[in-house]
Amino acid sequence: MSRARRSGRRLAALALGVTLVAALAGCGGGSETGGPGTAAGTDQGEGRLSGELTVLAAASLTETFTELARTFEDAHPGTTVSVSFDSSATLAEQVLQGAPADVLATADQRTMGTVVDGDAVAGSPRVFATNRLALVVPADNPAGISTFADLDRPSVDYVVCVPSAPCGALTTTVLQEQDITHPPASEEVDVKAVLSKVELDEADAGIVYTTDAVAAGDKVRAIEVPGADRTSTVYPIAVLSGSAEPALARAWVQLVLSADGQRVLRAAGFGTP
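Written as structure tokens, this is what we have:
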């Protein structure tokens, strides 16, 4: 069975969200240090895997980790993958407060570092992808935005992530570098919330990740962010020390690092770690 849900800011939100359910076939286990050559987290050393795996992942991983959850269950019959998506900062706080989870994937190393410092990670985090910022506007672009500098026009309502989120921290850096003094109309909890406002024409523009622009398709237009290659972010993943299913958790990490996992991430617009 497969379930994916978006968690809220409180621990109770882990029991909510959207669930995708499926029961499929496969076998094998995994190791946290498994490399890109291993498909679907298979490791003969851990034998047949079963049980429920809880993964906490940055909102920008929604499409890719939902797909990988199905791949994982194809390989391991009797497993259920439940993925909760939210701001990296929110997820890290949940882990540090004792929320039950097996794996954490964040959109920057700084946030993962707070979890490592809290002794909540088993082993060392592994970097599995990179991402960079993109400016998106509605498909019809009613504000006539053509460059990043247009954000400085007083008539433009643009939205960004909160500064505590990795996307927000990067955005703050870019806005300062580009001398954009016109403030955003709002700060949203994560990139998906920013993207939603743009898709619904509730904002003239929004600063998200390249992968979010790819996922939105023809609902938005993407505009290059100057210096985005210099302000890219890396995505670490780690098995949590409080995991009730460490074998499943290691197998999931191995899948994400595997050639199969990397193909899914590349197709979504993520960069190579």
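Mapping of the sequence shown onto mature numbering (1 follows the signal peptide of the UniProt record, and there is no 0): residues -25 to -1, 1 to 248, in sequence order. Here a beta-carbon is modelled for each residue, glycine too, at the ideal position from N, C-alpha and C.
Helix, strand or coil for residue i per DSSP?
| i | result |
| --- | --- |
| F245 | coil |
| V200 | coil |
| S233 | coil |
| residue 257 | Here the chain comprises residues numbered -25 to 248, so residue 257 is not present and cannot be evaluated. |
| P221 | helix |
| A226 | helix |
With respect to the alpha helix (DSSP H) encompassing residue i, which residues constitute its N-terminal and C-terminal limits?
| i | result |
| --- | --- |
| G88 | 84 to 92 |
| A50 | 37 to 50 |
| T65 | 63 to 71 |
What's the C-alpha gap between residue i and residue j?
| i | j | result |
| --- | --- | --- |
| T147 | L36 | 21 Å |
| T247 | M87 | 19 Å |
| V183 | P201 | 14 Å |
| V228 | S161 | 35 Å |
| K167 | L175 | 12 Å |
| residue 258 | K172 | An answer regarding residue 258 cannot be provided, because it is not within the stretch -25 to 248 covered by the chain. |
| S233 | V209 | 17 Å |
| S207 | L126 | 20 Å |
| D169 | P113 | The sequence as given places Val at residue 169; Asp does not occur at that position. Looking at the two C-alpha atoms, the distance is approximately 12 Å. |
| V149 | P141 | 13 Å |
| R23 | I120 | 54 Å |
| H51 | V78 | 17 Å |
| A243 | G93 | 32 Å |
| V111 | A188 | 7 Å |
| L31 | A191 | 22 Å |
| K194 | Q151 | 28 Å |
Can you tell me where the beta strand (DSSP E) holding residue i begins and where it ends?
| i | result |
| --- | --- |
| A33 | 26 to 33 |
| G98 | 96 to 106 |
Opposite residue i in the DSSP bridges: which residues?
| i | result |
| --- | --- |
| A80 | A32, I212 |
| T54 | G26 |
| A109 | V183 |
Output yes if chain D places a C-beta closer than 7 Å to the C-beta of residue i; else output no.
| i | result |
| --- | --- |
| Q69 | Of the chains in the structure shown, none is chain D; there is only one protein chain. |
Considering only residues of the segment 113 to 185, which uninterrupted alpha helix (DSSP H) runs meet the minimum length of 4 residues and lie entirely inside it, listed in chain order?
Note on the segment 113 to 185: whole alpha helix (DSSP H) runs with a minimum of 4 residues are 141 to 152, 166 to 174, in chain order.
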